[in-house]
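Peer 1: Dumping the structure here so I can ask a few things about it.
Chains as they are written, first to last, in my numbering: chain A, 1 to 435; chain B, 1001 to 1401.
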């Protein structure tokens, strides 16, 4: 039924009431958001101006990473010693820093500068940049990136998204970038002051399909002109570099857009979860980029570009779901009701068993898709199946996590309500990340 | 990390697939209708399988090699007999689950012998078809409550009790019987004995009429003062209260992924057939998010995702067994996932196919009946959940009952 005059009046009243309430509570942030909402369309926040990206050298061919030399024909779930070392340090960081900061970052809708700095010290970007461009990668690192995402997600999904977004841009430039694009942008990711960067794919509408974009790029002389609106863009206000998906006459494509480009602005629209990712809507109004900033050449595979983001979301969901399981196990063993721990009841224990079963199921599908991607095989079907399974099972684990803690789970005293909100993102978000 | 089936198993998979399509499927309905008729076609097939076994154990498709000799590969990782057997079983059950269970010389008893027999016993029981007798009228999942007794008398054990649900119990050459040396001592006193048909005191009580897997006979067997040579006891005759039952339970670490594989094979048949029947309604481009697909397309994709997850979980559990990694948790996870997914898929495919799927002209309704047992035997869904929950929560069977 369409909204009538009374409906509009009620809506306005409602807004007024809530804005008064917000003023009383002194929630400046939320009140600002209301101001934005009332003047929707008027994006005021500018993006961070990019540094002057300079070409370091002239080369004809882009650097590409080959499938790892350790791969054999045999089925093998073991990871390399190097991957184990990376996991250990990432896991320690996730447990000691991300988990500790999670509540504050969620509340403050952003990741602390110091946390981003500490993440940078883990050297994650180096594994995304080829050796020839100053990084440490000498072979394809899709699985390593996936494991890093899982472990960061175990610490806190929101902050993990913010940490992984720049690494995703570096991965995408390594995998798809032309020699010119790599030359101009990729090297800086291996430098001490690596740029913050992000990927914008999702658009704000129901049943969004990343293959069908309303953001358009049209040719104008030697430039592309991009118009449209993106949503859930991590670090949108902080990033110096954006990869923006837009429809062209030849189908969907991705464009490299530097922060501070005229017509590029960000809005504010806090989400249910992943609030620490500093996600915002990104508005593109007659944004002009030179012809050579269209990502990749004729080998560019937009579907695979999107799928590598989807697999990163799957990995984050796995890590977060593992965090839920790790949390409910001691809780249910300690929480007593009717004279014994609630874990002694099958109704409770079987929910936990199901978490363990589906967590492993999610891992197998996601790992398999990522293995195929790493080895240069087709992985479209595998990524599709992984997302289909993960978005449902991870959410189930999220909601069961809250359920197991009962009323306590519903309060901010416990982290399960945050994991519940975060896990819903996996069914919604596309892009933002790239393994 | 590499999640693919190695090339060396391709011939095995292809052999089993060929058997499934050209030998098992054509006689599937015949023996579903003619329950308790002996599927004589299987004799020749079993001979062929024996040939595979002799020439190349890694490429055989039966249960006899689970847990036994590992196939050596260069490097430290092994893709061996457990994985091969699972892959073979998947294809065979894609043909017909009942026939795989009825396959001569490939019984679960053979798996038990392979897992716990000593060298002398392995040699002595070589080539025999061994069924497995655990369940009793008064004990199903609770195998520690076994009441069949084995009393030492000279160089024999005397068995007394009643066993039910013995797959191929009548057709096999011998039966591996679980019995307790002392009911007071609980699980540690439970041992398994190889009892040859023809041993006085062992008699067939009846053959069950069942919901599915009708090609496979399910026997009830009585033991009345049945004297079994002491050297037919598998494993150690000592009652070790510390280890005891674990020895018997270890068999499950190898057989649960195998039953998972059966459920996966059975469900594959349904999923493949429904896709053929829905050919005009589906595009299978794995492109659109499921919520943007038609309801039936979304349902197929979801089933395929669940199926594929179950598939790789079974391969993982088998891989762990091949590499001598403790896999009790993963074996149960694989069986729990495959059991529930296999049953869901086969039932849903009947529904999606409508009356076409519900009637006997198609095999969909048969697969939906067959699949149910795979979520029951070798540990029900609920037993798997118990095993998993206890492991994850660190609880004993006394704490989490």
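Beta carbons: idealized from backbone N, C-alpha and C, even for Gly.
1. Quick one: grab the DSSP three-state call for residue 405 of chain A.
2. Using only the alpha-carbon positions, how far apart do residue 100 of chain A and residue 1162 of chain B sit?
3. Could you tell me whether the Cβ of residue 191 of chain A comes closer than 8 angstroms to any Cβ of chain B?
4. I want to verify the contact list: residues of chain A whose CB lies under 8 angstroms from the CB of residue 1292 of chain B, in sequence order.
5. From which residue to which residue does the beta strand (DSSP E) around residue 439 of chain A run?
6. Any C-beta of chain A sitting closer than 8 angstroms to the C-beta of residue 1365 of chain B?
7. At which residue ranges does the region 139-219 of chain A contain complete alpha helix (DSSP H) runs of 4 or more residues, listed in the order of the chain?
8. At which residues does the alpha helix (DSSP H) containing residue 1307 of chain B begin and terminate?
9. Is it buried or exposed for residue 279 of chain A, if we count other Cβ within 10 angstroms and need 16 for buried?
10. List the residues of chain A that residue 1395 of chain B touches, going by C-beta distances under 9 angstroms, in chain order.
11. Are residue 209 of chain A and residue 1007 of chain B close, meaning C-beta to C-beta below 8 angstroms?
12. Three or more C-beta pairs closer than 8 angstroms, one from the region 194-203 of chain A and one from the region 162-171 of chain A: is that the case here?
13. Beta strand (DSSP E) containing residue 258 of chain A: first to last residue?
14. So, is residue 61 of chain A buried or exposed, given that buried needs 16 or more other C-beta atoms within 10 angstroms?
15. Confirm, please, whether the CB-CB distance from residue 1088 of chain B to residue 1105 of chain B is below 8 angstroms.
16. Where residue 1005 of chain B and residue 1330 of chain B are concerned, what is the direct C-alpha to C-alpha distance, given to the nearest angstrom?
17. For residue 226 of chain A, decide whether its Cβ has a neighbour in chain B, counting only Cβ atoms nearer than 8 angstroms.
18. Could you tell me whether the Cβ of residue 1259 of chain B comes closer than 8 angstroms to any Cβ of chain A?
19. With residue 1227 of chain B as the anchor, note down where its beta strand (DSSP E) starts and where it stops.
20. Please compile the residues from chain E whose C-beta is within a distance smaller than 8 angstroms of the C-beta of residue 1083 of chain B.
21. Who does residue 1131 of chain B pair with in a DSSP beta bridge?
22. Helix, strand or coil for residue 242 of chain A? Go by DSSP, reduced to three states.
23. Could you give the DSSP three-state label for residue 1377 of chain B: helix, strand or coil?
24. So which of A:317, A:202 and A:234 has the shortest CA-CA distance to residue 150 of chain A?
25. Considering only residues of the region 35-100 of chain A, which uninterrupted alpha helix (DSSP H) runs meet the minimum length of 4 residues and lie entirely inside it, listed in chain order?
26. Compare the beta carbon distance of residue 161 of chain A and residue 270 of chain A with 8 angstroms and say whether it is the shorter of the two.
27. Since residue 105 of chain A and residue 156 of chain A should fall inside the 8 angstroms C-beta cutoff, what is the C-beta to C-beta distance between them, to a whole number of angstroms?
28. Distance cutoff 8 angstroms, beta carbons only. Does residue 360 of chain A sit that close to anything in chain B?
29. For residue 1401 of chain B and residue 349 of chain A, what's the separation of their Cα atoms in angstroms?
30. In chain A, which residues lie less than 8 angstroms from residue 1104 of chain B when you measure between Cβ atoms?
31. Is it buried or exposed for residue 1362 of chain B, if we count other Cβ within 10 angstroms and need 16 for buried?
32. Roughly how many angstroms separate the alpha carbons of residue 434 of chain A and residue 422 of chain A, rounded to a whole number?
33. Does the region 345-363 of chain A come close enough to the region 1380-1387 of chain B to have 3 or more Cβ pairs within less than 8 angstroms?
34. According to DSSP, which residues form a beta bridge with residue 1007 of chain B?
Peer 2: Taking the definition as stated:
1. As a first step, residue 405 of chain A is located in the first chain; it is residue number 405 there, counting from the start. The DSSP-derived three-state label of residue 405 of chain A is helix.
2. Within the first chain, residue 100 of chain A is the residue found at index 100, counting from 1. Within the second chain, residue 1162 of chain B is the residue found at index 162, counting from 1. C-alpha of residue 100 of chain A to C-alpha of residue 1162 of chain B: approximately 60 angstroms in a straight line.
3. Position 191 of the first chain, counted from the first residue, corresponds to residue 191 of chain A. For residue 191 of chain A, no Cβ of chain B is located within less than 8 angstroms of the residue's own Cβ.
4. Locating residue 1292 of chain B in the second chain gives position 292, where the first residue counts as 1. Residues of chain A with a Cβ closer than 8 angstroms to the Cβ of residue 1292 of chain B are, in chain order, 207 and 209.
5. Chain A is shown from 1 up to 435; residue 439 of chain A falls before or after that span and cannot be answered.
6. Taking the first residue of the second chain as 1, we reach residue 1365 of chain B at position 365. Using a Cβ-Cβ cut-off of 8 angstroms, residue 1365 of chain B does not count as an interface residue toward chain A, since no Cβ of chain A sits closer than that to its own.
7. The alpha helix (DSSP H) runs of length 4 or more contained entirely in the region 139-219 of chain A are, from start to end of the chain, 142-155 and 157-176.
8. For the purposes of this step, residue 1307 of chain B is taken as residue 307 along the second chain, with counting starting at 1. For residue 1307 of chain B, the uninterrupted alpha helix (DSSP H) run begins and ends at 1295-1322, by DSSP.
9. Locating residue 279 of chain A in the first chain gives position 279, where the first residue counts as 1. Result: buried.
10. Here the question's residue 1395 of chain B lines up with position 395 in the second chain. Residues of chain A passing the Cβ test: 333, 341, 343, 344 and 349.
11. Position 209 of the first chain, counting from 1, holds the residue named residue 209 of chain A. Position 7 of the second chain, counting from 1, holds the residue named residue 1007 of chain B. Between residue 209 of chain A and residue 1007 of chain B, the gap from beta carbon to beta carbon reaches 8 angstroms or more.
12. The region 162-171 of chain A and the region 194-203 of chain A touch, with three or more beta-carbon pairs separated by less than 8 angstroms.
13. Position 258 of the first chain holds residue 258 of chain A. In the DSSP assignment, residue 258 of chain A falls within the beta strand (DSSP E) that extends over 251-258.
14. By one-based count along the first chain, residue 61 of chain A stands at place 61. With fewer than 16 other Cβ atoms within 10 Å, it is exposed.
15. For this step, residue 1105 of chain B is matched to residue 105 along the second chain. For this step, residue 1088 of chain B is matched to residue 88 along the second chain. Not closer than 8 angstroms, so no.
16. Residue numbering aside, residue 1005 of chain B sits at position 5 when the second chain is read from its first letter. Residue numbering aside, residue 1330 of chain B sits at position 330 when the second chain is read from its first letter. Computed Cα separation, rounded: 18 angstroms.
17. As a first step, residue 226 of chain A must be located in the first chain, where it is residue number 226. The C-beta of residue 226 of chain A comes no closer than 8 angstroms to any C-beta of chain B.
18. Counted from its first residue, the second chain places residue 1259 of chain B at position 259. At a cut-off of 8 angstroms between beta-carbon atoms, residue 1259 of chain B makes no contact with chain A.
19. Counting from one through the second chain, the residue named residue 1227 of chain B turns up at place 227. It spans 1218-1229 - the beta strand (DSSP E) in which residue 1227 of chain B sits, taken as one unbroken run.
20. Although the question refers to chain E, the structure presented lacks it and instead comprises the protein chains A and B.
21. Within the second chain, the letter at position 131 stands for residue 1131 of chain B. Bridge partners of residue 1131 of chain B: B:1175.
22. Translated into positions along the first chain, residue 242 of chain A becomes position 242. Assigned with DSSP and collapsed to three states, residue 242 of chain A falls in strand.
23. What you label residue 1377 of chain B is simply residue 377 of the second chain in a count that begins at 1. In this structure, residue 1377 of chain B counts as coil in the three-state DSSP scheme.
24. For the purposes of this step, residue 150 of chain A is identified with residue 150 of the first chain, where counting begins at 1. Ranking the options by Cα distance to residue 150 of chain A, first place goes to A:317.
25. For the region 35-100 of chain A, the continuous alpha helix (DSSP H) assignments of 4+ residues that do not extend past its boundaries occur at 81-93, in sequence order.
26. For this step, residue 161 of chain A is matched to residue 161 along the first chain. For this step, residue 270 of chain A is matched to residue 270 along the first chain. No. Outside cutoff.
27. Here residue 105 of chain A refers to the residue found at position 105 of the first chain. Here residue 156 of chain A refers to the residue found at position 156 of the first chain. In this structure residue 105 of chain A touches residue 156 of chain A by the C-beta definition: roughly 7 angstroms separates them, less than 8 angstroms.
28. Here residue 360 of chain A refers to the residue found at position 360 of the first chain. Yes, contact with chain B.
29. As a working note, residue 1401 of chain B is residue 401 in the second chain. As a working note, residue 349 of chain A is residue 349 in the first chain. Each residue's Cα considered, the two are about 10 angstroms apart.
30. Looking up residue 1104 of chain B in the second chain gives position 104. Near residue 1104 of chain B there are no residues of chain A at all, since even the closest Cβ is about 30 angstroms away, more than 8 angstroms.
31. By one-based count along the second chain, residue 1362 of chain B stands at place 362. It counts as buried.
32. As a first step, residue 434 of chain A is located in the first chain; it is residue number 434 there, counting from the start. As a first step, residue 422 of chain A is located in the first chain; it is residue number 422 there, counting from the start. So the two alpha carbons sit approximately 18 angstroms from each other.
33. Yes: the two stretches touch, three or more of their Cβ pairs being nearer than 8 angstroms.
34. As a working note, residue 1007 of chain B is residue 7 in the second chain. Paired residue(s): none; residue 1007 of chain B is not in a bridge.
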